[in-house]
Each structure stands twice: as C-alpha cells, then as structure tokens.
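Heads up: the sequence shown is residues 2 to 373, going by our numbering. Yeah, the Cβ is synthetic: ideal placement off N, Cα and C, and Gly gets one too. As structure tokens, the structure follows; a few thoughts come after it.
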Amino acid sequence: MADALYLHVPFCETICYYCDFKRSLYQEKVVNDWLDALEHELDEKDINKSLKTIYIGGGTPTSLNMDQLERLLTRLEPYTEELEEFTIESNLESIDAEKLALLKRYKVNRISLGVQSFDDDLLVYMNRSHTVKDIKPTIELVANYINNISIDLMYGLFSQTYEVWEKTLTKVVEIEAVTHVSVYSLTIEENSVFYKQGVKQIENESEAKMYQMAIDYLTSHGFVQYEVANFAKPEFSSKHNQYYWRYDDFYGIGVGASGKENHKRYTNNFSIQAYIEGSGKPEIEELTNKDEMFEFIMMNVRLREGLSLKRFESLFHYSFEDLFTTLITKLIKKQAAVCGPTHFIITETGMMYLHDILVSFWEVLDEREDIA
2 MADALYLHVP FCETICYYCD FKRSLYQEKV VNDWLDALEH ELDEKDINKS LKTIYIGGGT
62 PTSLNMDQLE RLLTRLEPYT EELEEFTIES NLESIDAEKL ALLKRYKVNR ISLGVQSFDD
122 DLLVYMNRSH TVKDIKPTIE LVANYINNIS IDLMYGLFSQ TYEVWEKTLT KVVEIEAVTH
182 VSVYSLTIEE NSVFYKQGVK QIENESEAKM YQMAIDYLTS HGFVQYEVAN FAKPEFSSKH
242 NQYYWRYDDF YGIGVGASGK ENHKRYTNNF SIQAYIEGSG KPEIEELTNK DEMFEFIMMN
302 VRLREGLSLK RFESLFHYSF EDLFTTLITK LIKKQAAVCG PTHFIITETG MMYLHDILVS
362 FWEVLDERED IA
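So, in structure tokens, the structure goes:
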C-alpha cells in the first residue's frame, strides 16, 4: 500500500494570473457540498492507516473557514497515527493564529506559503493579495506554531529584472524561520489569465541565469539543493515530495487529484460539480513497463542524490548501465552526468538541458522491442 496521500482543495479567495491548477473562487455552500463528496471518496477508498506523509494542496486549503477546515482535518485524523510529515499549502492572507492553532492540534507540522516575490509591483502583476510588508510578520507568526516553513518563489516574469530577483533571494535568507524554498520559472499555461492576456515567456538565457542565481545564492546561505527546484536547510527536505521523485505509489484524493497505485495512474474528474454529484469517474491509465521505466528515470534524476542503480534493477529487472551504455558514456563525456557504483547523477551542467537528456532516454527505450 502507498505511504503518501495528496488531497486537493480546489478553492481560492482570488485567482492568481499564472495559475492553471484546478481551482474555483470560494463559496461556502459549494465547499460544504464538496466536503460531503470528499468524505464519501475517503470512505470508498482503501487507504493505508499507517501513512507516512499527507499533503493538502490546492487551490488554497486555508481559504476554508474554521469549521470547514476542522471538518477536513478531523476526517484525516485516522491516517495520522504514524505520520512523519503533514503539509498544508496556504497564502499569507488566509492564515491567522486561530487557524494555525487548529492545524497544530491536528498534527500539521509543515506549511508551504505562496510568497512568490519580495517586490510589490510583481505581486500586483501576478494578482497576489499580500504585499511585501506582510511577508516577514506572517512567517514569524507561523513559526510560533509550525517550525517547518517552506516558501514558493517565482522567477522568469516578463517585467522581473535580475536585481529584483536578487533582492527576493536576499530577503528570503534573512528570515531565519524559512527552512525550505521552492523556485519555479513562470510557465504560461493555456488555462491561466496570463495566457488569455497574451503574456509571453522571457528568453531562455535570462531564465537560466535567474535559475543559476537562485542556486548560487541559496546554497551559499545554508540551503542544500536536493532537487531541481527545491532547496532545504539540513533535515528539512520535503519527505512527501520525495515519494513522487523516487517514483513510489501515492494516493490522490479530491477534484482533479492524481494518484499512482499498482502500475496504474488515475486522475479524478476536474469538474467540481461532477465531483459533488458523484458523476465524474476518474480517468485510469494502465502503465506499461516502458512507461514506468521512463517515468522512474524522469523523476529520480531530478534529485541531487540521483537514480539508484540497485532500485532500478530491482523494479524492472534490467541493468540501467547495460540498457543505456552508449547514452551514459555520451553524457559523461559532455560532463552532463556521472555514474558511480550506486547512483547515476545528472550534473549541474546537465540540469541546464535536462529536457533534452530525458528525450534521449526515451528514444533509447522506444527502440527496445523487448520492453513492453
């Protein structure tokens, strides 16, 4: 059985212009009906009572009112006995001392805050509801209840200069309570407001420079880059997300949530109304051995520790080194990868063109008729 559960709360108080996740503006009655449907899904699903991690994402889970949030947390309580990490996402404007006390009471021990930038003009540009002056006091308030605080930052915005990005990185490391930082480049997704406004991506070179700035600055100020987009102080890397990156099974609960169990990936219906009515059936994809091999590679090479050669062979009954001998040799010559006795690791150089490397792995697999 899976050891990790992701639960999607599709409600927000405002819609950020870059977001294309399944979300809807908060309405009290709709949320109550959604909670009824969510409880039904949890009742129907055979979930491991010895979960190690739960992650409540969104949307903005803390947009729920106190009664709704407590109802949700109460329903998850049977799965928290052996939890090592319980994360909830929040925006700065939707969290307060009362909600934090509630979260702590129900064993939530990690929070992910959507900070995005330390520049007021950019926050307005993204349609964020907080201002720069709200950030540090809110984080310090959170730290009174939860000591594992992750923040999201965004780079690659059209009007974002290198100086503005550097200022954001500087401000982050000045806040001692921050234990984890996730950095994301802006991607213009089809269902986002930015897409409808015709906002364009910045040049790849500028985006790559901002990414390198984040690596250099955060790693020189006590953070370890343990995954492509994630940096943590020692002992604070995300346990839940590593279930994804190591390609372990996990449960997906809620509107639009995806899960992976027993060689199948499923995605719940994206319609909130259909979910409430019980008419939206999940889309189920049977994963072939070749699918799983590639996805295992794609996820594991994102980790700085790399891909475990032993685990690859244990899962797929093929030697990673034998299967990809020519490609591995080529990547090593380009200083894009190293292959030691236990792990295959993409180097910092290789991370800059990870997409192309993954395409090369797929091409090798695609030619193998002996792998179904």
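By DSSP, does residue i sit in helix, in strand, or in coil?
| i | result |
| --- | --- |
| residue 261 | strand |
| residue 178 | coil |
| residue 205 | helix |
| residue 112 | strand |
| residue 200 | coil |
| residue 344 | strand |
| residue 273 | helix |
| residue 124 | helix |
| residue 212 | helix |
| residue 427 | The shown model of the chain, from 2 to 373, leaves out residue 427, and the question about it has no answer. |
| residue 69 | helix |
| residue 64 | helix |
| residue 188 | coil |
| residue 361 | helix |
| residue 80 | helix |
| residue 183 | strand |
| residue 19 | coil |
Determine the extent of the beta strand (DSSP E) in which residue i is found, giving its start and end residues.
| i | result |
| --- | --- |
| residue 226 | 225 to 228 |
| residue 1 | Residue 1 is absent from the structure shown; the chain starts at 2 and stops at 373. |
| residue 154 | 150 to 156 |
| residue 285 | 284 to 287 |
| residue 233 | 231 to 233 |
| residue 254 | 252 to 254 |
Along the chain, where does the alpha helix (DSSP H) that runs through residue i open and close?
| i | result |
| --- | --- |
| residue 295 | 290 to 301 |
| residue 241 | 240 to 246 |
| residue 9 | Segment 5 to 10 is the beta strand (DSSP E) holding residue 9; no alpha helix (DSSP H) there. |
| residue 321 | 321 to 324 |
| residue 315 | 310 to 317 |
| residue 57 | Unbroken run through residue 57 is the beta strand (DSSP E), 54 to 59; no alpha helix (DSSP H). |
| residue 88 | Not the alpha helix (DSSP H): residue 88 falls in the beta strand (DSSP E), residues 86 to 91. |
| residue 106 | 98 to 106 |
| residue 139 | 133 to 144 |
| residue 304 | Here residue 304 belongs to no alpha helix (DSSP H), and DSSP marks it neither H nor E. |
| residue 41 | 29 to 45 |
Quick one, are the C-beta atoms of residue i and residue j less than 8 angstroms apart?
| i | j | result |
| --- | --- | --- |
| residue 310 | residue 343 | yes |
| residue 268 | residue 259 | yes |
| residue 38 | residue 333 | no |
| residue 50 | residue 11 | no |
| residue 198 | residue 155 | no |
| residue 125 | residue 69 | no |
| residue 295 | residue 345 | no |
| residue 174 | residue 152 | no |
| residue 136 | residue 143 | no |
| residue 251 | residue 265 | no |
| residue 186 | residue 208 | yes |
| residue 89 | residue 140 | no |
| residue 211 | residue 157 | yes |
| residue 4 | residue 248 | no |
| residue 19 | residue 193 | yes |
| residue 75 | residue 96 | no |
| residue 58 | residue 13 | no |
| residue 72 | residue 87 | no |
| residue 229 | residue 312 | no |
Any beta carbon from chain D within less than 8 angstroms of residue i's own beta carbon?
| i | result |
| --- | --- |
| residue 57 | Here there is only one protein chain, and chain D is not present. |
Which same chain residues, not among the five before or five after residue i, have their C-beta less than 7 angstroms away from its C-beta?
| i | result |
| --- | --- |
| residue 348 | 336, 337, 338 and 339 |
| residue 1 | Because the chain in this structure spans residues 2 to 373, residue 1 falls outside the shown range and cannot be described. |
| residue 48 | 6, 80 and 252 |
| residue 200 | 159 and 189 |
| residue 222 | 174 |
Apart from the five residues just before and just after residue i, which ones in its own chain have a Cβ nearer than 8 angstroms to its Cβ?
| i | result |
| --- | --- |
| residue 220 | 226 and 232 |
| residue 132 | 121 and 124 |
| residue 283 | 267, 268, 269 and 270 |
| residue 328 | 361, 362 and 365 |
So, at 6 angstroms on beta carbons, what are the nonlocal neighbours of residue i in its own chain, with the 5 sequence-adjacent residues on each side left out?
| i | result |
| --- | --- |
| residue 314 | 320 |
| residue 298 | 362 |
| residue 130 | 15 and 94 |
| residue 54 | 5, 86, 240 and 241 |
| residue 34 | 277 |
| residue 191 | none |
Considering only heavy atoms of the ligand FAD, does any lie closer than 7 angstroms to the CB of residue i?
| i | result |
| --- | --- |
| residue 225 | The model depicted lacks the ligand FAD and carries no ligand whatsoever. |
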